[in-house]
Amino acid sequence: MSARADAPLVERIARAHADLRPRLRGGPAWQARRDAALSRLLQRGLPDRRDENWKYLDWPEVLAREFAPVTAATAEAPTPAGLELPGACRIVTVDGRYSPALSDRSLPAGVSVEELGAALDREPELAARLRVPGEDADDRFALLAEAFTDAGALVRIAANADVQAPIHLLHIATGAAASHARLVVEAGTNSRARILEQFLGGGDGALSNLAVEVTVGAGAQLVHMRLHEQPAGAAHVETLSVTQAADSRYRQQSFILGGRVLRSGLRLELAGRGAECEVEGLFMVEGIRQADIYTVIDHLAPHTRTVETFRGVASDRGRGSFNGRIVVHEGAVKADSQQSSRNLILTPLAEINARPQLEILTDDVKCSHGTTIGSLDPQQLFYLLSRGIDPAVARGLLTFAFCEDVVARIPWPEARRHVEELVVGRLPDRDIIREFV
Amino acid sequence: MPQKGELILDVRDLHAKVAGKQILNGLTLQVRAGEVHAIMGPNGSGKSTLAGVLAGRGEYEVVSGSVTYLGQDLLALPAEERARAGVFLAFQYPVEIPGVNNVYLLKAALNALRKHRGQPEVDAFEFLGLVREKMKLMQMDESFLNRGVNEGFSGGEKKRNEVLQMTVLEPVLALLDETDSGLDIDALKVVSTGVNSLRGEGRAIVMVTHYQRLLDYIVPDQVHVLAGGRILKSGGKDLALELERRGYDWVRQEAAAA
Ligand SMILES: Nc1ncnc2c1ncn2[C@@H]1O[C@H](COP(=O)(O)OP(=O)(O)OP(=O)(O)O)[C@@H](O)[C@H]1O
Ligand SMILES: [Mg+2]
Numbered sequence: 001m002s003a004r005a006d007a008p009l010v011e012r013i014a015r016a017h018a019d020l021r022p023r024l025r026g027g028p029a030w031q032a033r034r035d036a037a038l039s040r041l042l043q044r045g046l047p048d049r050r051d052e053n054w055k056y057l058d059w060p061e062v063l064a065r066e067f068a069p070v071t072a073a074t075a076e077a078p079t080p081a082g083l084e085l086p087g088a089c090r091i092v093t094v095d096g097r098y099s100p101a102l103s104d105r106s107l108p109a110g111v112s113v114e115e116l117g118a119a120l121d122r123e124p125e126l127a128a129r130l131r132v133p134g135e136d137a138d139d140r141f142a143l144l145a146e147a148f149t150d151a152g153a154l155v156r157i158a159a160n161a162d163v164q165a166p167i168h169l170l171h172i173a174t175g176a177a178a179s180h181a182r183l184v185v186e187a188g189t190n191s192r193a194r195i196l197e198q199f200l201g202g203g204d205g206a207l208s209n210l211a212v213e214v215t216v217g218a219g220a221q222l223v224h225m226r227l228h229e230q231p232a233g234a235a236h237v238e239t240l241s242v243t244q245a246a247d248s249r250y251r252q253q254s255f256i257l258g259g260r261v262l263r264s265g266l267r268l269e270l271a272g273r274g275a276e277c278e279v280e281g282l283f284m285v286e287g288i289r290q291a292d293i294y295t296v297i298d299h300l301a302p303h304t305r306t307v308e309t310f311r312g313v314a315s316d317r318g319r320g321s322f323n324g325r326i327v328v329h330e331g332a333v334k335a336d337s338q339q340s341s342r343n344l345i346l347t348p349l350a351e352i353n354a355r356p357q358l359e360i361l362t363d364d365v366k367c368s369h370g371t372t373i374g375s376l377d378p379q380q381l382f383y384l385l386s387r388g389i390d391p392a393v394a395r396g397l398l399t400f401a402f403c404e405d406v407v408a409r410i411p412w413p414e415a416r417r418h419v420e421e422l423v424v425g426r427l428p429d430r431d432i433i434r435e436f437v
Numbered sequence: 001m002p003q004k005g006e007l008i009l010d011v012r013d014l015h016a017k018v019a020g021k022q023i024l025n026g027l028t029l030q031v032r033a034g035e036v037h038a039i040m041g042p043n044g045s046g047k048s049t050l051a052g053v054l055a056g057r058g059e060y061e062v063v064s065g066s067v068t069y070l071g072q073d074l075l076a077l078p079a080e081e082r083a084r085a086g087v088f089l090a091f092q093y094p095v096e097i098p099g100v101n102n103v104y105l106l107k108a109a110l111n112a113l114r115k116h117r118g119q120p121e122v123d124a125f126e127f128l129g130l131v132r133e134k135m136k137l138m139q140m141d142e143s144f145l146n147r148g149v150n151e152g153f154s155g156g157e158k159k160r161n162e163v164l165q166m167t168v169l170e171p172v173l174a175l176l177d178e179t180d181s182g183l184d185i186d187a188l189k190v191v192s193t194g195v196n197s198l199r200g201e202g203r204a205i206v207m208v209t210h211y212q213r214l215l216d217y218i219v220p221d222q223v224h225v226l227a228g229g230r231i232l233k234s235g236g237k238d239l240a241l242e243l244e245r246r247g248y249d250w251v252r253q254e255a256a257a258a
């Protein structure tokens, strides 16, 4: 039911929405939000390369894709296996829709999952506190997601719950079409939990657009690992918004190891006094793949702390960008912020842009940042060669070691091994290296 | 393995440049199986450059001259093939490689050698036994095995690790670049024991040092003075003692007069 491909994009989106509207689920409250999101989106349009934070994205590749979403719920879709994490509770979304049928029936104590639309109808206060995507360029894909979401998923961790079982959120894209979805995670006061989001599937030409909201309650501790391993033809755009209350701890690890184009935007607000976050990530782009990473971390309260560490590796004609902004707002005294972005360019045609931005609007803070873009260290390389190691293996080992910095910190051994295998698969000379690592 | 007395290394009239600067100026040196050679000389005279050229370091450009190793043109081989053919360089400043496991590298290096010789990969159990034995010899704690290569090692620990690798890999030609610098008195003895364990009829050792004390522990067959990119004088162990007493100027003057 797609509109003419040559129609301007917003028009295509409007038509797709009109076609789909009668079939979108969720009650009147959700319907009203969707309509509001659509009309704002139609007024403002999607961002484009003139928008400062979107200039590196491979727009032609994104715009060539179908934006009209998959219409019917496709619960029958074949399910990719996903990572086996011992003791994990598995929650599956298919093309952005929560699928109870494919998800584990019994959840650990303190964890609940439901369709976002249904929850909104039942709990007006949820609708009131759920973030409404804004109009600035960073948030327009989130508006698009809001306009089309029918089911979405809401994951809640009860206050004081100490959830030991990993919560494994498996996002499956089924075909070559688009999906626009929302995911909401609420970690209650003083709760503890660990979530792994894994992205699989999506054929050539597929576009998945996801808006994720995470609220970390006062004193809560949340580990949030995100693993992108879509096939090399898929496109994925995501907008994450994280809000942390006082004394909360949030650790995000994001591995961008798949997709033809992968745009990941994060806005994280350290809203409560003493909130601390660690944001770590690794992207690897080989072939003609692209990763475009944009993060904004706002220190809004005193004694807040950030450690942000990103690693990027590009080879062949791969392109990557890391655009990381940290803002220490007025009043956020004693804020402590460290950012590091290290990048490796392995072959002459690969490209990485790294742009750290630190804005400090208050005194009495501790901030540092460092960015490097380079090739493998010749001294290290020569050392390995001088021990008889094959040059391709030596390069692979050093690249792997570079990635290990982040990979070694994955909390589950099974997930760590899995990511290590993915990392090896993204290396030039992967076949020679495989036996060595 | 070469026979005792066989020519292992034959360097002739070697000229080499680094970053456009001429460092080696007609260096000639012959090393035979069973011999230990010590090279001494002022800072910046080209000792590490010579070691680097022999090991195949990329940034050095050989302008003229030749290096023959066991009858083959060493300069024609890339670094990794020189290593597989039995050339080992113990670095003056061993680099740290976090994320590459120390024992893993050792095993991969040994297997690269074995593969080159047409031998099967070393059995994991046998390998561990071998490494444990050599670590004992080097008085190294086994915890060093599972650290990143030289990662966070002290200066002396790095040198010990170089010699550990050498004793496991058993090179035909060992080049030791100031392996004694930065070692405490006990460590010097330990490292010397490691090097001496490798002394043998079919091997040769070339060691760069600033201190004649090392030569009390590893007694050389020949001592050379390298200055201005050339070997200016060669002699026996006594030459080292004389250098210790008199410095290098007299050697330069003698060479200039000749
Ligand atoms: N990569 C390089 N770029 C520029 N100059 C270099 C480079 N490597 C070596 N040199 C220069 O070449 C000369 C010889 O250096 P080399 O390291 O061989 O000296 P050395 O005899 O080992 O000295 P030391 O006793 O201090 O270790 C020095 O002047 C040094 O600065
Ligand atoms: Mg030197």
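Going line by line, the protein sequences match chains E and W. Counted from 1, the first sequence has number 349 at position 349 by my numbering; the numbering is strictly sequential. Counted from 1, the second sequence has number 226 at position 226 by my numbering; the numbering is strictly sequential. Virtual Cβ for every residue (Gly too), placed ideally from N, Cα, C.
- Between E/R226 and E/F255, the gap from beta carbon to beta carbon is short of 8 angstroms.
- At a cut-off of 4 residues, the continuous stretches assigned as alpha helix (DSSP H) that sit fully inside the segment 31–57 of chain W are 47–55.
- Put simply, the backbone Cα of E/A159 is about 31 angstroms away from that of E/F148.
- With a 10 Å radius around the Cβ and a threshold of 16 neighbouring Cβ atoms, E/E84 comes out exposed.
- Contact residues of the segment 58–79 of chain W toward chain E are G58 and A79 (C-beta to C-beta distance below 7 angstroms).
- It is roughly 30 angstroms from the alpha-carbon of E/S179 to the alpha-carbon of E/E308.
- Interface residue (Cβ-Cβ distance to chain E less than 8 angstroms): W/P171 is not classified as such.
- The secondary-structure analysis by DSSP pairs E/P69 across a beta bridge with E/A178.
- Listed in chain order, the positions of the segment 371–385 of chain E with a beta carbon within less than 9 angstroms of a beta carbon of chain W are D377, P378, Q379, Q380, L381, F382, Y383, L384 and L385.
- Ranked by Cα distance from E/F322, the options E/N190, E/A354, E/Q338 and E/A165 are led by E/A354.
- By the criterion of a C-beta distance shorter than 8 angstroms, W/G148 is surrounded in its chain by E96, I97, P98, G99, V100, N101 and N102, once the five residues flanking it on both sides are discounted.
- If you look at W/M207, you'll find it in the beta strand (DSSP E) that goes A204 to V208.
- Per DSSP, the beta-bridge partners of E/C367 are E/S337.
- Counting only runs of at least 3 residues, the segment 56–112 of chain W fully encloses the following beta strand (DSSP E) elements, listed from N- to C-terminal order: 60–69, 87–90 and 97–101.
- E/Y250 is bridged by DSSP to E/L222 and E/C277.
- For W/S234, the secondary structure class from DSSP, reduced to helix, strand or coil, is strand.
- Not one heavy atom of ligand 1 is found less than 7 angstroms from the C-beta of W/A187.
- Neighbours of E/L397 in chain W, taken as residues whose beta carbon is under 7 angstroms from its own, are V100 in chain order.
- Interface annotation for the segment 387–412 of chain E against chain W: R387, G388, I389, D390, P391, V393, A394, L397, L398, F400, A401, F402, C403, E404, D405 and A408, criterion Cβ-Cβ distance under 9 angstroms.
- Between the segment 407–417 of chain E and the segment 158–178 of chain W, the count of C-beta pairs closer than 8 angstroms stays below three; the two stretches do not touch.
- According to DSSP, E/Q230 shares a beta bridge with no other residue.
- Bounds of the alpha helix (DSSP H) holding E/H17 are L9 to L20.
- Relative to ligand 1, even the nearest heavy atom lies 7 angstroms or more away from the CB of E/A291.
- Going by beta carbons, E/E135 and E/A211 fall outside the 8 angstroms limit.
- In the DSSP assignment, W/Q165 falls outside any beta strand (DSSP E) and within the unbroken alpha helix (DSSP H) covering G155 to L169.
- Taking E/H369 as reference, the option from E/A350, E/Q338 and E/L344 with the minimal CA-CA separation is E/Q338.
- Assignment of W/K4 by DSSP, reduced to helix, strand and coil, places it in the coil class.
- Not one heavy atom of ligand 1 is found less than 7 angstroms from the C-beta of W/Q22.
- According to the DSSP assignment, E/F382 belongs to the alpha helix (DSSP H) that extends over P378 to L385.
- Ligand 1 has a heavy atom closer than 7 angstroms to the beta-carbon of W/T49.
- Among the residues facing chain E, W/A83 is included, as its CB has a counterpart in that chain under 8 angstroms away.
- CA-to-CA, the gap between W/L226 and W/K233 works out to about 8 angstroms.
- Proximity of the segment 54–62 of chain W to the segment 13–28 of chain W meets the contact definition, three or more beta-carbon pairs being nearer than 8 angstroms.
- In chain order, N209, V237 and T239 place their CB closer than 6 angstroms to the CB of E/F141, counting only its own chain and leaving out the 5 sequence neighbours on each side.
- By the rule that beta-carbons nearer than 8 angstroms mark a contact, W/L105 touches chain E.
- The beta carbon of W/L130 sits no closer than 8 angstroms to any beta carbon of chain E.
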